[in-house]
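Chemist: Questions regarding the structure given below will be posed in turn.
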Ligand code: NAP
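Numbering (my numbering), first residue to last: 215 to 456.
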């Protein structure tokens, strides 16, 4: 092994968990950080700490106190605040940062995507009478509550506290298969799929199923993040360790 590194991974994604496992197996001292949003998170190998740091300054202090030699931001592409904090904290603490960012999805040929910048815009984009499958997580489904002219099925990991009247909640965790996604959309008579442009393979089955069924996709574009050294996959991160 090259020099043993003390690594903080900002996680909350499947890739972050896999990366932690690979780096621990290589003999590095790895701590993964989770925000604490999910009741029963799948825990990665190595050390785990849960909860916010208290902004960029808190993260910088944590990096210094722990003697970390590398920070890896492997959070979800829509977790914009922690990614911005990672850039600021890396500069402040003098700890190099690598961002692991899976490539965004692009519309398959021949499919109609409605691309929007925000969840609120996605809610406005649905036509009257739409039967929409929401795959945007639990925290922002409230944006659709006013669309009482539409029917909603929300897929989430944890059941939200406030479920609008008449909504169906499907509480489950990926990865999902094309067959499973096709069945979910077909049995519910889904006309629109609302998704964040998360990218990656784990959630891509819904797009294939939607294309095959003629379900329209309302895709929320990614937030713009401050610049950082960025790699697209786990192997690229690991290349830097060989
Ligand atoms: P966010 O808006 O970027 O972050 C809000 C605050 O939560 C941050 O300022 C930070 O608090 C804390 N935080 C976020 N990620 C953290 C982490 N990995 N470790 C410690 N603290 C963290 O984040 P979010 O969109 O709410 O996402 C929260 C977590 O869920 C992320 O770890 C992300 O990878 C995961 N996730 C998000 C989505 C999504 O669609 N947003 C989807 C799947 C998974 P302090 O400022 O106090 O440090």
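Note that beta-carbon positions come from the ideal geometry of N, C-alpha and C, so glycine has one too.
(1) Apart from the five residues just before and just after residue 427, which ones in its own chain have a Cβ nearer than 8 Å to its Cβ?
(2) Could you tell me if residue 385 is buried or exposed, where buried requires 16 or more neighbouring beta carbons within 10 angstroms of its beta carbon?
(3) Measure the Cβ-Cβ separation of residue 317 and residue 418 and say whether it is below 8 Å.
(4) Could you pull out every residue in the same chain whose Cβ sits closer than 7 Å to the Cβ of residue 315, ignoring the five residues on either side in sequence?
(5) Could you give the uninterrupted runs of the alpha helix (DSSP H) lying entirely in the segment 277–363, keeping only those of 4 residues or more?
(6) Are residue 329 and residue 435 close, meaning C-beta to C-beta below 8 Å?
(7) Entirely within the segment 352–434 and at least 3 residues each: give me those beta strand (DSSP E) ranges in chain order.
(8) From the DSSP secondary-structure annotation, give me the bridge partner or partners of residue 462.
(9) Could you check if residue 295 belongs to the surroundings of the ligand NAP, using beta carbon to heavy atom distance under 7 Å?
(10) Consider the C-beta atom of residue 227 and the heavy atoms of the ligand NAP; say whether any pair is separated by less than 7 Å.
Modeler: Checking against the coordinates, here is how it stands:
(1) 396, 399, 400, 404
(2) exposed
(3) no
(4) Excluding residues up to 5 positions away in sequence, 291, 444, 446 lie with their Cβ nearer than 7 Å to the Cβ of residue 315 in the same chain.
(5) Counting whole runs of 4 or more residues, the segment 277–363 contains the alpha helix (DSSP H) stretches 294–307, 333–339.
(6) yes
(7) 365–370, 382–385, 406–410, 430–434
(8) The structure shown does not extend to residue 462, since the chain is modelled only from 215 through 456, so no value can be given for it.
(9) Distance from the C-beta of residue 295 to the nearest heavy atom of the ligand NAP is below 7 Å.
(10) Correct: residue 227 has its Cβ closer than 7 Å to the ligand NAP.
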